[in-house]
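Just below is one structure, and these are the notes that go with it.
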Amino acid sequence: MSVSSRISPVIQDIVEKALEEIETSLDARIILAMDAGLRGQGMESADSPYQIMFVYVHRLDWYLKLSPGPATVELPASDDFSLTGWDIRHLVEKMKQSDATETRWLNSGAVYRSDVDLMRRLAVLQRRVWQPAPALAAEIKTATSVQGNWSLGHTLTTEEFLTPMYAALSGKVIAEDNGPPPGDIRVLYEGLSEEVTNEMDVILSKKAKNAANSDAPPCFRSQIFMNAELARLQTVELPTHPAPDDSIFDRFLADTIRRFG
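Note that this note's numbering has the sequence shown beginning at 1470, numbered continuously upward.
What follows is the structure in structure tokens.
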């Protein structure tokens, strides 16, 4: 089991107990659990909900039925805490579709439960199905659509600024054709100028202590970087990779069920 150091022991204990109860009710084994929301992106505010995605594996006999049962479960415990589960077969199907937005949470920076070997194999599979061109287009669309709502003289909230900044930083990684970008924004802006990284540190620190609609502190250097980067990204052309053979998905699915089922 691997647990993120960014998660408080209290929250980890609450999540772990919830996962154990779900395992009992499903008669399945939860092999992966991460935060799919702002907490997984390292951009949480004091009022950000916990949005937990988990992956589970049933016993082998479950998969041998003609109609094995639902592939997903949703457990909205409260407005502040929700759990959504995917059967391993559903996860593999989503990965086969090469829709990066659907599986972005696999690179979350907030991990509640995982397995080192499973994460390594998932990373390999992600690289095999990775399509950078549509992923970059999605990040550019996110950033520009939010920026389009900015008006002259409008004071930005931390959320209004960080959403397009996160997309621009993700786009930067994608444009370098290095595979899926990491989920944690702090990893994304590592290596930028000291002025930008200092501003980002201040913004994230303030956001973590306040509500999502709190005003953003001055971030001129970061805005200049973001605007320039988005303009550059719109000129980038990326290759389209051929879809991998179905056998790699079948093999991953079978190996995972045999190991955990």
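Just so you know, even glycine gets a beta-carbon here, dropped at the ideal spot from N, CA and C.
- Met1522 is bridged by DSSP to Met1503, Thr1553.
- In the structure shown, Val1542 falls within a strand segment according to DSSP collapsed to helix, strand and coil.
- A straight-line Cα-Cα distance of about 7 Å links Thr1572 and Lys1563.
- The segment 1473-1482 makes no contact with the segment 1640-1652: fewer than 3 CB pairs, one atom from each, lie closer than 8 Å.
- Contact check for Ala1677 and Ser1514: beta-carbon distance about 7 Å, within the 8 Å limit, so the pair qualifies.
- With 16 or more neighbouring CB atoms inside 10 Å of its own CB, Ser1577 falls in the buried class.
- Separation of the CB atoms of Leu1707 and Ala1636 is rounded to 16 Å, and the pair is thereby denied contact status at 8 Å.
- Counting every other CB atom within 10 Å of its CB across the protein chains shown gives Leu1535 a total below 16, marking it as exposed.
- 8 Å or more divides the Cβ of Ser1639 from the Cβ of Leu1625.
- Contact between Arg1690 and Glu1664 holds: their C-beta atoms lie close to 4 Å from each other, under 8 Å.
- Apart from sequence neighbours up to five positions away, the residues of its chain that approach Ala1680 with a beta-carbon distance below 7 Å are Ser1514, Ala1515, Asp1516, ordered along the chain.
- Annotated three-state conformation of Ser1547 is strand, per DSSP.
- In this structure, DSSP gives Asp1568 a state outside helix and strand, which the three-state scheme calls coil.
- Taken atom to atom, the span from the alpha-carbon of Gln1520 to that of Arg1590 is near 24 Å.
- The criterion of a C-beta distance shorter than 8 Å is not satisfied by Tyr1581 and Gly1554.
- In this structure, His1710 is the residue among His1710, Ile1726, Gly1660, Arg1720 with its C-alpha nearest to the C-alpha of Trp1599.
- In the three-state reduction of the DSSP assignment, Arg1582 falls in the strand class, which pools E and B.
- Ala1592 and Asp1586 have their C-alpha atoms roughly 10 Å apart.
- Here Ile1693 is exposed: its Cβ has fewer than 16 other Cβ atoms, across all protein chains shown, within 10 Å.
- Taking the C-beta atoms as reference points, Trp1574 is found nearer than 8 Å to Gly1509.
- Leu1488 and Arg1498 have their alpha carbons spaced roughly 9 Å apart.
- The straight-line gap separating the alpha-carbon atoms of Ala1607 and Gly1652 is approximately 15 Å.
- The three-state reading of DSSP puts Thr1624 in coil, since its state is none of H, G, I, E or B.
- Scanning its chain for C-beta atoms nearer than 7 Å, with the 5 sequence neighbours on each side dropped, one finds around Ile1726 the residues Val1526, Leu1529, Tyr1532, Ile1557, in chain order.
- For Asp1653, the three-state secondary structure derived from DSSP is coil.
- Counting of Cβ neighbours within 10 angstroms places Gly1617 among the exposed residues, the total staying below 16.
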